[in-house]
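First residue of the sequence shown: 188, per the working numbering; consecutive thereafter.
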Amino acid sequence: MTGQTTPIIRMRDAGYYSANTIGARHVIDSAIPLVERAVCEIALPAGAFTVADYGAADGGTSLGLHRALVAAVRARDAGRQVAITYTDLPHNDFSTLFRQVQGGLGDVPGVFAFASGTSFYSRIFPSLSLQLGFSGTAMHWLSRLPGKLANAVHPVLGTDAERAPFAAQAAADWQTILLHRAAELAPGGRLVLANFCQDEAGYYLGYTGQRNMHANFAKHWGELRDAGEITVAEFTATNFQQYYKSVAEFRAPFDDPDSPVRRAGLALLHCETRITPCPYAAGFAVERDAAAFAAAYVPTLRSWSENMFFGALDPARPAAERHALVDQFYTAYQADVAAAPDGHAMDYVHCFMLIGKAG
Ligand SMILES: C[S@@+](CC[C@H](N)C(=O)[O-])C[C@H]1O[C@@H](n2cnc3c(N)ncnc32)[C@H](O)[C@@H]1O
Numbered sequence: 188m189t190g191q192t193t194p195i196i197r198m199r200d201a202g203y204y205s206a207n208t209i210g211a212r213h214v215i216d217s218a219i220p221l222v223e224r225a226v227c228e229i230a231l232p233a234g235a236f237t238v239a240d241y242g243a244a245d246g247g248t249s250l251g252l253h254r255a256l257v258a259a260v261r262a263r264d265a266g267r268q269v270a271i272t273y274t275d276l277p278h279n280d281f282s283t284l285f286r287q288v289q290g291g292l293g294d295v296p297g298v299f300a301f302a303s304g305t306s307f308y309s310r311i312f313p314s315l316s317l318q319l320g321f322s323g324t325a326m327h328w329l330s331r332l333p334g335k336l337a338n339a340v341h342p343v344l345g346t347d348a349e350r351a352p353f354a355a356q357a358a359a360d361w362q363t364i365l366l367h368r369a370a371e372l373a374p375g376g377r378l379v380l381a382n383f384c385q386d387e388a389g390y391y392l393g394y395t396g397q398r399n400m401h402a403n404f405a406k407h408w409g410e411l412r413d414a415g416e417i418t419v420a421e422f423t424a425t426n427f428q429q430y431y432k433s434v435a436e437f438r439a440p441f442d443d444p445d446s447p448v449r450r451a452g453l454a455l456l457h458c459e460t461r462i463t464p465c466p467y468a469a470g471f472a473v474e475r476d477a478a479a480f481a482a483a484y485v486p487t488l489r490s491w492s493e494n495m496f497f498g499a500l501d502p503a504r505p506a507a508e509r510h511a512l513v514d515q516f517y518t519a520y521q522a523d524v525a526a527a528p529d530g531h532a533m534d535y536v537h538c539f540m541l542i543g544k545a546g
C-alpha cells in the first residue's frame, strides 16, 4: 500500500450537512443577540451594509441569523441594501449553498448574496470594505496539520507532547485570521465569532462530563486497526486538523497591548463560553427510543467527520472498499449507542466573541 494523503476539509454535500446539524443552527441562532448588538454599534456606510459569513458550509444553518441581521439593519434604515458574502474552502458544495440561500433569503428585497472560495487564512475582501463578519463553528480547523497522534484521532485527547504543536499552530492561525479580518473590516466594523473551545470546566464538543465522542471515535477506529481491517499507518494518519482553544488562548492576542492584533486596531468587546445541548440526546431523554436515537445521532457526527476518516485510508484501496470501511466504522458506533444510549451526546461547547475594530 502507498502512503496516506492529508484528508481535505469538507462537510458532506447536497444539504446533508445542514439537514443533520440542527445543533449547529441552534448555536448560530444563539449568536443573534450579539449580531444585533454589533449592527447597532456599527456606523452605517454610504452604500450597502456588507457582511461576511466565514466558513458557511452549505449556508443552511445561518439563514435565520442573516434574516435577523437584515432586520436589525432595516430597523435602523428601512431601505438599506445588504450584501452578504458566504465564504468557504474552494471544494465546498457552493451549488447547494446557492440553492439554500435563494430559498432562505431570496424573498427578502434588497439583499444581495455572493460567495467566495478563499480560505479565511487569506485575505478575502478588499481593505476596509466590510461592516460585519460572522463565523460559526469553523475556525477550529487549522491551516495545516502540525503533527500526528499515535492513539487518538483528535488532539484534544493527544498526549501533552502531541498537543504542543497543535497548540502552537492554533495560536499562529488565530493571529493570521484576526490580522486578515482587521484589514478587511471598515473602521468601527465588528466580528461575531462562535468558535469551538475547551471551556473552563475542560469540556469540549462531544464531552461534557459523560461519554466522550472523541474517545469513541478512537475506540471504534482502533478496533478496525486491531482487527487488521485498517493498517496502523492508516490509524496514525487519522488526525483531525483541528484544535479547541481555551478562553485564555482566544484572549491572548487581545490581552497583550503590544500584540500585532491590538496594533491592528482590534479589541475584544465580549467573550463567554456556552454549552448548546445536543438536540438528539435531548430528544432521547424524552422519547427513550435507543434505536431511533442512535440512527439520528450518528449521522450528525458523520456529517462533519466522515471525510477525515475516509481520507486517511490508503488511496491504493478501491474506493468501494474505503467506503465500506467507513460504513463499518459508523455502523459499529451506532450499534454501541443503540446498545447503551445513556451519556452519548454531542453537546456543542463554544466561545462566543464580539470583536470591534477601532473607529
Ligand atoms: C462545521 S462547518 C460550520 C458551517 C456553518 N458555519 C455552521 O456553523 O453550521 C465548518 C466549515 O468551515 C469550513 N472551513 C474550514 N477551514 C476553512 C478555511 N480555512 N477557510 C474557510 N472555511 C473553512 C469547512 O469547509 C466547513 O464548511
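Where a beta carbon is used, it is the ideal one built from N, C-alpha and C, also for glycine. As the structure is a prediction and not an experimental result, all values here were calculated from the model.
{"Asked": "N-terminal and C-terminal residue of the alpha helix (DSSP H) that Tyr517 is part of", "Found": "Ala506 to Ala526"}
{"Asked": "Contact test: Tyr535 Cβ vs ligand 1 heavy atom, cutoff 6 Å", "Found": "no"}
{"Asked": "Rounded straight-line distance, which links the Cα of Tyr517 to that of Arg509", "Found": "13 Å"}
{"Asked": "Residues that DSSP places opposite Met326 in a beta bridge", "Found": "DSSP, once it has assigned bridges, lists no residue as partnering Met326."}
{"Asked": "beta-carbon Leu276 near ligand 1 non-hydrogen atom, thresh 6 Å", "Found": "yes"}
{"Asked": "Residue environment, Glu387, which counts as buried when at least 16 other CB atoms sit within 10 Å", "Found": "exposed"}
{"Asked": "Gln429 - partner residues in DSSP beta bridges", "Found": "Trp328"}
{"Asked": "Pairwise C-alpha distance: Leu292 and Arg254", "Found": "7 Å"}
{"Asked": "Of the listed residues Asp360, Ala359, Pro352 and Phe236, nearest to Ala300 (C-alpha basis)", "Found": "Phe236"}
{"Asked": "Under 7 Å between C-beta atoms of Ile209 and Leu252", "Found": "no"}
{"Asked": "Unbroken stretches of the beta strand (DSSP E), 3 residues or longer, contained in the region 353-423", "Found": "372-383"}
{"Asked": "Bridge partner(s) assigned by DSSP for Ile462", "Found": "Val536"}
{"Asked": "Exposed unless 16 or more other CB atoms sit within 10 angstroms - verdict on Asp360", "Found": "buried"}
{"Asked": "Of the residues Gln289, Ala337, Gly323 and Met533, the one placed nearest Phe471, counting alpha carbons only", "Found": "Met533"}
{"Asked": "Alpha helix (DSSP H) segment containing Phe281, residue limits", "Found": "Phe281 to Leu292"}
{"Asked": "Pick from Asp347, Phe312, Asp413 and Thr425 that is closest to Asn494, judged by C-alpha positions", "Found": "Thr425"}
{"Asked": "C-alpha distance - Ala557 paired with Gly246, whole-angstrom precision", "Found": "Limits of the chain in this structure are 188 at one end and 546 at the other, which puts residue 557 out of reach."}
{"Asked": "Gly190 versus Pro464: straight-line alpha-carbon distance, rounded", "Found": "Legend: pLDDT at Gly190 = 40, less than 50; position of this residue unreliable, no value from coordinates given."}
{"Asked": "Short Cβ contact (7 Å threshold) for Gln362 with Pro333", "Found": "no"}
{"Asked": "Buried/exposed call for Met188, threshold 16 Cβ in 10 Å", "Found": "Per-residue confidence for Met188 stands at a pLDDT of 37, beneath the threshold of 50, marking its modelled position as unreliable; the derived number appears in the next sentence. The residue in question, Met188, is exposed, as its Cβ has fewer than 16 Cβ neighbours within 10 Å."}
{"Asked": "Burial state of Asn399, where buried means 16 or more other Cβ atoms lie within 10 Å", "Found": "buried"}
{"Asked": "For Ala300, the residue or residues it bridges with in DSSP", "Found": "Ile271"}
{"Asked": "CB of Tyr273 within 7 Å of CB of Asp240, strictly", "Found": "yes"}
{"Asked": "Test item: CB-CB of Tyr431 and His327 under 7 Å", "Found": "yes"}
{"Asked": "Between the CA atoms of Lys544 and Val443 - distance to the nearest angstrom", "Found": "Reading the sequence as shown, one finds Asp at residue 443 and not Val. Distance between the alpha carbons of Asp443 and Lys544: 16 Å."}
{"Asked": "Distance cut-off 6 Å: Phe307 Cβ against heavy atoms of ligand 1", "Found": "yes"}
{"Asked": "Extent of the continuous alpha helix (DSSP H) to which Phe480 belongs", "Found": "Ala477 to Ala499"}
{"Asked": "Proximity test, Trp361 beta-carbon vs ligand 1 heavy atom, cut-off 6 Å", "Found": "no"}
{"Asked": "Cβ distance (whole Å) where Val222 is taken to contact Leu256 below 8 Å", "Found": "5 Å"}
{"Asked": "Option in Cys227, Arg449 and Arg438 with minimal Cα separation from Cys458", "Found": "Arg438"}
{"Asked": "Ligand 1 heavy atom lying under 6 Å from the CB of Trp408", "Found": "no"}
{"Asked": "Near ligand 1: Leu243 beta-carbon under 6 Å from a heavy atom", "Found": "Per the sequence shown, residue 243 should be read as Ala rather than Leu. Yes, the beta carbon of Ala243 sits closer than 6 Å to at least one heavy atom of ligand 1."}
{"Asked": "Where Val340 falls: helix, strand or coil (DSSP)", "Found": "coil"}
{"Asked": "Where Leu336 falls, given that 16 or more other Cβ within 10 Å makes a residue buried", "Found": "buried"}
{"Asked": "Ala454 - partner residues in DSSP beta bridges", "Found": "Gly543"}
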